[in-house]
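Residue numbers (the working numbering): 19 to 432. Glycine included, C-beta positions come from ideal geometry on N, C-alpha and C. This report concerns only the one structure given below.
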Amino acid sequence: MAFSSTRRDFLQQVGMASLVSLGVTPPRFLARAAENSASTSADGRVLVMIQLAGGNDGLNTLIPHGDDAYYRARPGIAIPKNQVLRINDRLGLHPRLNGLKELYDEGKLAIVQGVGYPTPDRSHFRSMDIWQSAQPQNDNPRDGWLGRGLEWQLDREPAKAEGLTLGTDKLPLAFVSGRISVPTLRRLEDFQLVDGKGPESLRKLKRETLDRMVDLSSQDSASGGELDFLRRATATAFRNADRLKSLSTKYQPAAEYPDTSLASRLKLIAQMIVAELPARMYFVSLDGFDTHAQQEGGHAALLGELGGAIRAFEQDLAGHGASQRVMLSTFSEFGRRVAENGSLGTDHGAASMLFTMIPGNAGISKNAGTPGKAGLFGTHPSLTNLDDGDLTYSTDFRSVYASLLRWLEIPAEP
Numbered sequence: 019m020a021f022s023s024t025r026r027d028f029l030q031q032v033g034m035a036s037l038v039s040l041g042v043t044p045p046r047f048l049a050r051a052a053e054n055s056a057s058t059s060a061d062g063r064v065l066v067m068i069q070l071a072g073g074n075d076g077l078n079t080l081i082p083h084g085d086d087a088y089y090r091a092r093p094g095i096a097i098p099k100n101q102v103l104r105i106n107d108r109l110g111l112h113p114r115l116n117g118l119k120e121l122y123d124e125g126k127l128a129i130v131q132g133v134g135y136p137t138p139d140r141s142h143f144r145s146m147d148i149w150q151s152a153q154p155q156n157d158n159p160r161d162g163w164l165g166r167g168l169e170w171q172l173d174r175e176p177a178k179a180e181g182l183t184l185g186t187d188k189l190p191l192a193f194v195s196g197r198i199s200v201p202t203l204r205r206l207e208d209f210q211l212v213d214g215k216g217p218e219s220l221r222k223l224k225r226e227t228l229d230r231m232v233d234l235s236s237q238d239s240a241s242g243g244e245l246d247f248l249r250r251a252t253a254t255a256f257r258n259a260d261r262l263k264s265l266s267t268k269y270q271p272a273a274e275y276p277d278t279s280l281a282s283r284l285k286l287i288a289q290m291i292v293a294e295l296p297a298r299m300y301f302v303s304l305d306g307f308d309t310h311a312q313q314e315g316g317h318a319a320l321l322g323e324l325g326g327a328i329r330a331f332e333q334d335l336a337g338h339g340a341s342q343r344v345m346l347s348t349f350s351e352f353g354r355r356v357a358e359n360g361s362l363g364t365d366h367g368a369a370s371m372l373f374t375m376i377p378g379n380a381g382i383s384k385n386a387g388t389p390g391k392a393g394l395f396g397t398h399p400s401l402t403n404l405d406d407g408d409l410t411y412s413t414d415f416r417s418v419y420a421s422l423l424r425w426l427e428i429p430a431e432p
């Protein structure tokens, strides 16, 4: 539950806010994990969202190598036909996406084409608000689609109403909610107990005091006062810090992760999933996709980071027997224009594509815009029948979100 301002003030007044470097109290899902390590059943479903921030160029990601119009529109940045990782005679993946091509060939990856929304906006900020709120008609969204999903869960199964954002201090709009506070975490080490500075004797005394508070918290109390609240909060922080420290040092990944920032975040998510921490939704971002100039090298590096990280993540989960309950999906605020610009880059466009890592027996409805199994889905946009130079969409991104929510057993909004 959300803390009252009185309780926040109380914690600060007694100097306990420094106990946990993440804030005055641990994230709710970690608190619940400390109280009940079985909060998430072994088959509990988890959704991981990866934002490709900046506007990913879908045409150089899923490449229409069989369409001469692609090569005419992009004489300087088109991917040569002999380098494309072919899916069929018309389409293929960027050569740096070999990890995703392997997943596709193994029946574990869905590719959704022509994804967008009506009357697209080319502003980064506005379009990202639209994608994260799933409310194109709302000029000032106050909550996000994941946040609303967690609110629905809170009213029915509070133990499952948990999420986490990794790699940033800023909560994405997708997780904003009027009733649930979703924590952000840069790295696992940021969540730890802090016993302060000073002589060893003083730090030992602080630790003993914390131990005593943990012992007291296990005793029943009906007073409901601030002291009891403080005891419970302290005990929760204490137990979770120790558990996460153990998680960080003892976890043995079942795959070799690349040395990239996205891979490190997905590795941390894998650790939490394998440890059965009850977060159901995770959000991470990979930045740098606003490729206005000299796109070729930078975009290739980003796609290599994306593909390598997702491939290792899937292998790690599979090695721990957890891949069947995890779904991962990408999104970006818009695609790029069909024609390259004068700086060997691409400018803001409209429709694009996305990837979804599909677990076995995902049970996703094709009618909802996302495949029920791995493969290529949707209609690839025409490269000649354009909307003011932009690709037109055929799959509304909200139908993809609806399928992801249904897979989590959360009903999609009408």
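Endpoints, alpha helix (DSSP H) assigned at residue i
i: L401; result: Careful: L401 lies outside any alpha helix (DSSP H) and carries neither H nor E.
i: F143; result: 142 to 151
i: S341; result: Neither: S341 is in no alpha helix (DSSP H) and is coded neither H nor E.
i: Q171; result: 163 to 174
i: F331; result: 313 to 337
i: F373; result: F373 -> not in any alpha helix (DSSP H); beta strand (DSSP E) instead, spanning 370 to 375.
i: L286; result: 279 to 292
i: F415; result: 415 to 425
Beta strand (DSSP E) segment containing residue i, residue limits
i: D305; result: 299 to 305
i: A273; result: No beta strand (DSSP E) contains A273, which DSSP labels as neither H nor E.
i: Q69; result: 64 to 71
i: G181; result: 181 to 184
i: G363; result: Run containing G363: none; DSSP gives neither H nor E here.
i: F352; result: No beta strand (DSSP E) contains F352, which DSSP labels as neither H nor E.
i: L394; result: 393 to 395
Cβ separation of residue i and residue j, assumed to be a contact under 8 Å, to the nearest whole Å
i: Q312; j: S361; result: 7 Å
i: D305; j: A71; result: 4 Å
i: I81; j: L394; result: Not a contact, Cβ separation roughly 13 Å.
i: L103; j: R329; result: With 8 Å as the limit, L103 and R329 do not qualify as a contact, their Cβ atoms being about 13 Å apart.
i: D334; j: P271; result: 5 Å
i: E358; j: A87; result: Actually they do not touch by this definition, with Cβ atoms about 13 Å apart.
i: D161; j: S199; result: Rounded, the Cβ-Cβ distance is 12 Å, inconsistent with contact.
i: M299; j: L168; result: 7 Å
i: F352; j: S151; result: Actually they are not in contact, since the Cβ atoms of F352 and S151 sit about 15 Å apart, beyond 8 Å.
i: L404; j: M375; result: Actually they do not touch by this definition, with Cβ atoms about 31 Å apart.
i: I95; j: P113; result: Wrong, their Cβ atoms sit about 14 Å apart, outside the cutoff.
Reference residue i; option with closest CA among the options
i: H142; options: K99, P176, N74, R283; result: N74
i: T183; options: D334, F301, E323, P98; result: F301
i: A297; options: T202, Y135, N78; result: T202
i: P136; options: A192, S412, P429; result: S412
i: R197; options: L172, G367, L111; result: L172
i: D392; options: E120, W149, F307, M299; result: Rather than Asp, the amino acid found at residue 392 in this sequence is Ala. Looking at the Cα atoms, E120 is the closest of the given residues.
i: R355; options: T348, D406, Q101, S303; result: D406
i: L423; options: L164, D187, H310, S199; result: L164
i: D414; options: G134, Q155, K99; result: G134
i: E332; options: V344, G322, E323; result: V344
i: H310; options: A288, E323, G367, S347; result: G367
i: L115; options: A273, T79, T278; result: T79
i: L189; options: G62, W170, D147, P176; result: D147
i: L284; options: R63, L324, G363; result: L324
i: D107; options: D85, D123, G125; result: D85
Distance cut-off 6 Å: residue i Cβ against heavy atoms of the ligand FMN
i: L286; result: As presented, the structure is devoid of all ligands, the ligand FMN included, so that no description of it is given.
**Q.** Touching by the beta-carbon criterion (3+ pairs, under 8 Å), the stretch 332 to 339 and the stretch 274 to 292
**A.** yes
Q: Say whether the stretch 367 to 374 touches the stretch 123 to 141, bearing in mind that this needs 3 or more beta-carbon pairs closer than 8 Å, one atom from each stretch.
A: yes
Q. Counting pairs of Cβ atoms below 8 Å between the stretch 395 to 403 and the stretch 314 to 322, do you hit three or more?
A. no
Q. What residue ranges within the stretch 83 to 126 form continuous alpha helix (DSSP H) runs of no fewer than 4 residues, ordered along the chain?
A. 86 to 91, 116 to 123
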